[in-house]
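**Q** Have a look at this one.
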Amino acid sequence: MTTATANTTRAPLARIAKLDALCRVLLVVSFVALAVTGIGGYYALGAVDGYGLLVHMAAGGVFTVCLPVVVLTASSSALTRPNGALRTLVYWLTVLAALVALGTITLSMTKLFDTAGLHDLLTLHRWAGLALVALSILQLFLRVACRR
Ligand code: HEM
7 MTTATANTTR
17 APLARIAKLD
27 ALCRVLLVVS
37 FVALAVTGIG
47 GYYALGAVDG
57 YGLLVHMAAG
67 GVFTVCLPVV
77 VLTASSSALT
87 RPNGALRTLV
97 YWLTVLAALV
107 ALGTITLSMT
117 KLFDTAGLHD
127 LLTLHRWAGL
137 ALVALSILQL
147 FLRVACRR
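Using my numbering, you'd call the opening residue of the sequence shown number 7 and step up by one each time.
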């Protein structure tokens, strides 16, 4: 391979790596904003509304865009790295909880559900959000523990 060909092959890869890094940062920032406004709003203030809901929804949009990028790039290494069964299981449960959290909100925007159904979707969203936060903390813990 000539130097020129190698450079043209490497340039898009470098761009993808930068996009991946940006998405990872945005995913973490939006996740923290979602957890604070969602859990904090609901359990400390009694409801997710007003500016809290505004921030929650904006962060939800960023989270929804960045999640597939990070899952696509992280999953190959999550599958091939000698992670141990527990870390791999926790990783995929986290992805599942994230999909349920954003899936329930997406479904609630359709006309498929009546008032009772919307209520159930919101309850499921809350539990999926709580599970997502708990599993993310567990993932962080396992990552630190497995380094030793
Ligand atoms: C860390 C993840 C998340 C947590 C902990 C979380 C938590 C919550 C909680 C506790 C509520 C209030 C539920 C209720 O009133 O019963 C809520 C509402 C809401 N969440 Fe999330 N959420 C998360 C992710 C997301 C994502 C990814 C989106 C968007 C794609 C989203 C959009 C919304 C919306 C629009 C509402 C208001 C629904 C309504 O009042 O009708 N959330 N969230």
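C-beta: ideal position from N, C-alpha, C; glycine also.
Rounded to whole angstroms, what is the Cα-Cα separation between L95 and W133?
**A** Approximately 19 Å between the Cα atoms of the pair.
**Q** DSSP state of K117, grouped into three classes?
**A** Here K117 sits in coil by DSSP.
**Q** Shorter than 7 Å, the distance from the beta carbon of L59 to the closest heavy atom of ligand 1, or not?
**A** Checking the Cβ of L59 against ligand 1 gives yes.
**Q** Less than 8 Å between the C-beta atoms of T100 and S36, yes or no?
**A** It is not a contact, given that the beta carbons lie outside the stated cut-off.
**Q** Could you work out which residue in I22, G58, Y48 is closest to V75 when comparing CA atoms only?
**A** Checking every option, the nearest Cα to that of V75 belongs to I22.
**Q** What are the complete beta strand (DSSP E) segments, minimum 3 residues, inside the region 38 to 114?
**A** None, since the region 38 to 114 contains no complete beta strand (DSSP E) of that length.
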